[in-house]
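2 protein chains.
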Amino acid sequence: MDINKEFFPEKIFNIEFIELVKNRKSNDIKKLIEELYPVDIAHIIEELEEIDDKVYLITLPEDKDFIVEAFEELEFLNQEEIIKNIHDRKLVSLILNTMASDDRADFFASLSKDVAERLSEKLLPEEKKDLDELLQYEENTAGGIMTTEFVGLNKELTVEEAIAVLRNKYKNAETIYVEFVVDTQGSLLGILSLRDIIIAEPGTKLKDIMETNVIYVYTYVDQEEVANVFQKYNFSAVPVLDTNEKVVGIITFDDIMDVIEEEATEDMQKIGASFPLEESYFDTSVFDLVKKRLLWLCVLLLVGTVTSSIIRSYDNLLAILIPLSYFIPIITDTGGNTGTQSSTMIIRSLALGEVQLTDTFRVLRKELLIGFILGCFLAVLGFMQSLFISKIPEVSFTLGFALIFTTVSSACAGGVLPIMAKKLKLDPTVMSGPLISTIVDIGGLIIYFETAKIILKIF
Amino acid sequence: MDINKEFFPEKIFNIEFIELVKNRKSNDIKKLIEELYPVDIAHIIEELEEIDDKVYLITLPEDKDFIVEAFEELEFLNQEEIIKNIHDRKLVSLILNTMASDDRADFFASLSKDVAERLSEKLLPEEKKDLDELLQYEENTAGGIMTTEFVGLNKELTVEEAIAVLRNKYKNAETIYVEFVVDTQGSLLGILSLRDIIIAEPGTKLKDIMETNVIYVYTYVDQEEVANVFQKYNFSAVPVLDTNEKVVGIITFDDIMDVIEEEATEDMQKIGASFPLEESYFDTSVFDLVKKRLLWLCVLLLVGTVTSSIIRSYDNLLAILIPLSYFIPIITDTGGNTGTQSSTMIIRSLALGEVQLTDTFRVLRKELLIGFILGCFLAVLGFMQSLFISKIPEVSFTLGFALIFTTVSSACAGGVLPIMAKKLKLDPTVMSGPLISTIVDIGGLIIYFETAKIILKIF
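Chains A and B are the protein sequences, given in the same order. In the numbering used here, each residue carries its 1-based index in the first sequence increased by 771. In the numbering used here, each residue carries its 1-based index in the second sequence increased by 771.
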């Protein structure tokens, strides 16, 4: 399938497909499904409106694995609706018992308590145990994203025997690219890639080719740190250990790609002065969006009270020289924009580990210089712009001088405050553009009005 | 190696390691290297200051593959400095000839023309050809990130024979998890994972187990689209075809993790009103940072001229009621913050494909409602806040009313303008917070002053 054919007219294709579903053209649909992947079917189901159509489509493929995989790819609300409406009890059991353990845990974690209990009765005892184990880990930790379907091999096996074990015992394991060599207690002795096994001579024992210098993570490690391990070492999978040093799961690169994307999305939303959304934009209700956004707007408005009070305290000055008020937004916007630039860069660099907590002084020095250079340029531009509008050189001098100060201070605040926040164990994104803008407004306006006072006396 | 031991005191460990390097404690260092991965050595080299120390450390390991891998992980400036200062000509040739083809192409692309020419003389003819081929692709396309070291197998091979071929011919291929089945012309017939090969019976022919419904990309496809394919299908590798439909390379998940991170970083920097940096924050010079930031700040300051002119046009009103000026920053900041929230969410959703170009109206309707609800809350808060500061109910009514208008219009502008930009084939990030703030300032202030005029007549 060519990505260009496949991606751009996806919408048109989906519309035609939906028509076939509505008209129950089973044979045509089955032929199309042969050309598609489970995730494609999941995407079409997400676009169907009627629950009957959804159930019809997902139960249509003859390959049950295909059904399970398509189900895994669905968003939670569709999963719940569909599982409640499939009348074939055997199929429900099959789906719940054969889903990947991490996807299953996510699904159960989102269900209401009574539905979860009712559905968990359909699980085989070992799957139930597996589920309960996974559910105890926090969502954003290694334990919360791992699957329990790892391959454990005995160190005395030869390469040939290992291949036979993989062929027979692990036909359905999804992640056989990385094998763990474990002892009978489940402790990790070493790690092997399928590549190591393939390229070794058939008679070689695993213990002679396994990598014993294994990088692993504990179940409680934050998912962002796990992602950093993958990024740094280019691993396709890492073992997850519990606090007793036993292997309990595996995390694979595809889970990590989702983590990288999810963390970046969250950081962006937080930089944009909103609490991160749990679902995609359209899947989040208006009520939830308001909730995620309102608090920050109120906080920022209240911090703005200080700004208003400052302007009020200069109202005698404004009465003498009203044109001073024309450029209040220039001062506050320029400060905000410069602060946003610095804080966005530093927040991202902190997340990527390019800037460390010990770098406060280095960042400060750099931003001081950058802010000063930017400020000089903006001062000249602001001077000309305001002279053109107000025709009062005193006001323009005032604006130019205040712009240098504002730019320097907001560049420094934007650079340093996120690092300070992280030092105080706060999320650095609280020090994003909007808050920094509001903070630097205060200094910028004071300098603006004080400069005006001095200049008015001079001229 | 435990990630917690490994990651947190990395700095301390590195400082001790650097001491060993400076004192040329070869035996101690060699012992430590056994516990480390090539990327760890690369990170230590990045922290060394003297070129002699860098060359000493990178040439120390006895395992030449380790040296090549560590070299691949270095940033360009260190690569160039080191390659120029290794006096062992054989080692230079070895590094250049055995580097992964994509890393090598990146390295040569960054070199100045004459250095690149001189170094390319050290390449074997087939490696030189490979390099020239890769260099013709644009940096951010599938061709620019692929490697040419893919495995091509004949469809008539049995599983057993295929394993033998992999063992003998592809011992050094990095990416043997995905095998391409090709004809003698190099056209793609199907795809196989190493897992498919392992779990099949030894006598099975590849043509009977290969997946013929292959998803592939062309060399010219943008890397962000390639990343979307990986995200959607959870592939570990995809084939890259040239315009003659021949397989010319492979892209693996580790390249894609870098792409996902890089694209998110670029988008964040652009949302933060800066041009994206090519290097990390500290590796970018002050001069370059000023260049990346100045243009947007100037543009925004010039757009702010309109805001200033609007305030000027109401100066008679301000002369009568100076307290109106106290709340100018409240109007502009609230508009900016609301607009930033909406635009950041929509820009990210567009990048993830959650919001489509056809969704303008859906977004508008949602933002209209959200903006109105947020506006009502903020109006009440703003009313109370301004009454407390100004003690003039007329001003507070004016502010409250204008806040509703500003919030609604900036939510809508923030939601819709990025989609419109994308429709016009512009980068949606141009419509990020700072520009939207400045645009909505205009409407917000007009409403504020016009409301004031009306209310002043009423009361």
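No residue lacks a Cβ here, since even glycine has one placed at the ideal position from N, Cα and C.
- Listed in chain order, the non-local C-beta contacts of phenylalanine 878 of chain B below 6 Å within the same chain comprise Gln850, local neighbours out to five positions each way being set aside.
- As the crow flies, the alpha-carbon of valine 839 of chain A is around 30 Å from that of valine 1000 of chain A.
- Taking 8 Å as the cut-off, the Cβ atoms of phenylalanine 842 of chain B and isoleucine 829 of chain B count as close.
- DSSP, read as helix, strand or coil, puts valine 997 of chain A in helix.
- Taking the beta carbon of tyrosine 1219 of chain B as reference, no residue of chain A falls within 9 Å; the closest one sits roughly 12 Å away.
- Straight-line measurement puts the Cα of alanine 998 of chain B at about 7 Å from the Cα of valine 1030 of chain B.
- Shown here, lysine 1137 of chain A sits in a helix according to DSSP, grouped into three states.
- Within chain A, no C-beta atom comes nearer than 9 Å to that of aspartate 993 of chain B; the closest sits roughly 10 Å away.
- Neighbours of asparagine 1005 of chain B across chain A, judged by C-beta separation under 7 Å: Asp1025.
- Aspartate 1198 of chain B places its beta carbon less than 8 Å from that of lysine 1041 of chain B.
- A distance below 8 Å separates the beta carbons of glycine 1142 of chain A and cysteine 1183 of chain A.
- For glycine 923 of chain B, the uninterrupted beta strand (DSSP E) segment begins and ends at 922-924.
- C-alpha of proline 1047 of chain B to C-alpha of glutamine 1156 of chain B: approximately 39 Å in a straight line.
- Below the 7 Å Cβ cutoff, chain B contributes Ile969, Ile970 as neighbours of arginine 938 of chain A, in chain order.
- Identification of residues in the region 827-849 of chain A having a C-beta nearer than 7 Å to some C-beta of chain B yields an empty set.
- In the three-state reduction of the DSSP assignment, phenylalanine 951 of chain A falls in the strand class, which pools E and B.
- Going by C-alpha positions, leucine 924 of chain A is about 41 Å away from tyrosine 827 of chain A.
- In the same chain as isoleucine 1118 of chain A, and ignoring 5 residues on each side of it, the C-beta atoms closer than 8 Å to its own belong to Asp1038, Ile1042, Pro1189, Pro1199, Thr1200, Met1202, Ser1203, in chain order.
- Counting every other CB atom within 10 Å of its CB across the protein chains shown gives glycine 974 of chain A a total below 16, marking it as exposed.
- Look at alanine 1008 of chain A here: in three-state DSSP terms it is strand.
- The shortest C-alpha to C-alpha distance from isoleucine 1218 of chain A to any of A:Phe1168, A:Ala1192, A:Leu1195 is the one to A:Phe1168.
- Residue nearest to valine 949 of chain A within the set A:Val1009, A:Val1134, A:Ser1208 is A:Val1009 (criterion: CA-CA distance).
- Here DSSP, grouped into helix, strand and coil, assigns isoleucine 1022 of chain B to strand.
- Per DSSP, glycine 961 of chain B is one residue of the beta strand (DSSP E) stretching across 959-964.
- Of the candidates B:Asp1054, B:Leu894, B:Leu902, B:Gly1215, B:Gly1215 places its Cα closest to the Cα of threonine 1109 of chain B.
- By the Cβ rule, the region 972-987 of chain B does not count as touching the region 856-869 of chain B, because fewer than three pairs are nearer than 8 Å.
- Scanning A:Thr1222, A:Tyr908, A:Leu1158 for the CA closest to the CA of aspartate 1013 of chain A turns up A:Tyr908.
- Shown here for tryptophan 1067 of chain B: same chain residues with a beta carbon closer than 6 Å to its own, the five before and five after excluded, namely Ala1044 in chain order.
- Residue environment analysis places arginine 966 of chain A among the buried positions, since at least 16 neighbouring C-beta atoms fall within 10 angstroms of its C-beta.
- For leucine 819 of chain A, not one C-beta of chain B is nearer than 8 Å to its own C-beta.
- Apart from sequence neighbours up to five positions away, the residues of its chain that approach valine 792 of chain A with a beta-carbon distance below 7 Å are Ile800, Leu819, Asp824, Tyr827, Leu828, ordered along the chain.
- Inside the region 846-883 of chain B, DSSP marks whole alpha helix (DSSP H) runs of 4 or more residues at positions 847-856, 860-869, 872-881, from first to last along the chain.
- Scanning B:Lys978, B:Glu1165, B:Val1179, B:Ser1181 for the CA closest to the CA of threonine 1222 of chain B turns up B:Glu1165.
- Counting other Cβ atoms within 10 Å of its Cβ, phenylalanine 1159 of chain B stays below 16 and is therefore classed as exposed.
- For tyrosine 1219 of chain B, the three-state secondary structure derived from DSSP is helix.
- Taken atom to atom, the span from the alpha-carbon of alanine 1150 of chain A to that of alanine 1173 of chain A is near 8 Å.
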